């Protein structure tokens, strides 16, 4: 509590120099194995200039219901922040649940050859993960590699370090071809590969290797500052312990204008067959809602 109190004390003078904001964040997911995760957050930004410049606190209550039964609640407190430099931008939410540090942060540019470097730490959402305190720390980088005005390759390299002996190496890439600029329509090929050094160490999904290739169509439109985006994909996936099988994806996003208003809204929905660390389920659904009000 001493550290939290110090953080609040350091940020209070900023409230008199800039606007403030309050908001809510909601995350909910469920898979066909029965694992459910919900996170409900309240945020207070003691300094809020716009959606890319703020500093404040986020209180989160997370509830986990593993497929094996039971329920675990976890309260977290984060310092959330975002700012813009001459070239680089950064944002994140870093905090604790009282036992270990949690959260995510990223440093990135918005140049033609975009760069991003990130870190993320979270608990594993399985029975052993929740009862034995098994976490992962994921660090990596991503880069945009333009080919021409209508073609782009993105690449991501990352290392995911788990409690115990397992370390997972990630390689992801996308080839994007813009089909109709006026519609915001693009065709994409999304591929990923992961390799684990200690497969099957605990009860989370961890084959020796996993690979996926997912052809995708995406449309992104903007109207009056609002952004509407949708994507559908159908491909193949395989891991070291099973034969190749289908892979499907559906994504939808709605986002209000990022500037010029005293409120901000964002909503997203994802359906995917891609396994998560919680299990090799075939049908993962995720809903996110964010609302922010400035004053």
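Residue numbers (mature numbering (1 follows the signal peptide of the UniProt record, and there is no 0)): -21 to -1, 1 to 274.
All residues carry an ideal CB built from backbone N, CA and C; glycine is no exception.
From a predicted model like this one, the values you see are computed outputs, not experimental measurements.
- By the Cβ-count criterion, residue 58 is buried, with 16 or more other Cβ atoms from all chains shown falling within 10 Å of its own Cβ.
- Look at residue 5 here: in three-state DSSP terms it is strand.
- In the assembly as shown, residue 219 is an exposed residue. Its beta-carbon has fewer than 16 other beta-carbons within 10 Å.
- In the DSSP assignment, residue 108 falls within the unbroken alpha helix (DSSP H) covering 106 to 111.
- The C-alpha of residue 215 lies about 20 angstroms from the C-alpha of residue 133.
- Counting C-beta pairs closer than 8 angstroms gives three or more between the segment 140 to 150 and the segment 103 to 114, which meets the contact rule.
- Taking 8 angstroms as the upper bound for CB-CB distance, residue 86 and residue 69 are in contact here, some 5 angstroms apart.
- Per DSSP, reduced to three states, the secondary structure at residue 45 is coil, with no helix or strand assignment.
- If you look at residue 118, you'll find it in the beta strand (DSSP E) that goes 114 to 125.
- Counting only residues of its own chain and dropping the five nearest sequence neighbours on each side, residue 195 has a CB closer than 6 angstroms to the CB of 167, 169, 210 and 212.
- Distance from residue 182 to residue 225 at the Cβ level is roughly 25 angstroms; contact not present, criterion being Cβ atoms closer than 8 angstroms.
- Nearest to residue 72 by C-alpha distance, out of 119, 33, 88 and 66, is 33.
- Taking the Cα positions, residue 117 is about 27 angstroms away from residue 197.
- About 7 angstroms separates the beta carbon of residue 120 from that of residue 95, a gap short enough to meet the 8 angstroms contact definition.
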